[in-house]
Amino acid sequence: MLVVCVVDGATINATLNAVASGHVSGGGSAGNYKKQAARVILQLIIFYQVEVPFKPARVILQDLTGVPAVVDFAAMRDAVKALNRDPQKLNPICPSDLVIDHSVQVDFSRSSGALEKL
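Position in the sequence shown (from 1) plus 3 gives the number in my numbering.
Take a look at the structure:
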C-alpha cells in the first residue's frame with residue numbers, strides 16, 4: 004500500500020522516483036512490472052487530480068496510536084450529534100473489528116494475602 008501526500012511538484016517527482024527505484028517483491032520482470040505499474044498509476048492520479056479510495060483490509064495499530072484513533076472516532080460522532088446530525092452516518096465504509104490487547108501486569112502473586120493487597 005502506498006499513500007502519497009502531494010505538496011508541490013518536487014514532492015511529486017520525489018514520490019515517483021521513490022516508487023521507480025524502490026524495492027518491490029517479486030523481483031526480476033515481475034518486480035519491474037509492479038514498479039512501472041505503480042509509477043503509471045501515480046502519474047494518472049497526479050495528472051487527473053483524482054481521489055483514490057483507501058479501503059485497507061486490515062489496519063494494525065499499537066496502543067499508543069490505536070487508542071487515540073478510537074477516541075478521535077468517538078469525538079467525531081459526538082461532534083456530528085452536537086450539530087443535530089445522525090452520528091450513525093459516521094460509520095466506517097469497510098467492516099471493522101477492534102481488538103484492544105493489553106498486557107496484564109501482576110503486582111502480587113503466590114501469597115495468601117495477594118488479593119487483599121490490591
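Virtual Cβ for every residue (Gly too), placed ideally from N, Cα, C. All values reported here derive from a predicted model rather than from experimental measurement.
Query	Result
With the cut-off set at 8 Å, would you say V55 and I48 are in Cβ contact?	yes
Tell me whether I49 sits in a helix, a strand or coil according to DSSP, three-state version.	helix
Does the beta-carbon of D45 have 16 or more other beta-carbons within 10 angstroms, so that it is buried, or is it exposed?	In the sequence as presented, Asp is not what sits at residue 45; that position holds Leu. Buried.
Where C97 and L67 are concerned, what is the direct C-alpha to C-alpha distance, given to the nearest angstrom?	23 Å
Pull up the CB-CB distance for M79 and L93, whole angstroms please, since I reckon it's below 8 Å.	6 Å
Alpha carbon to alpha carbon, how far is P95 from R113?	46 Å
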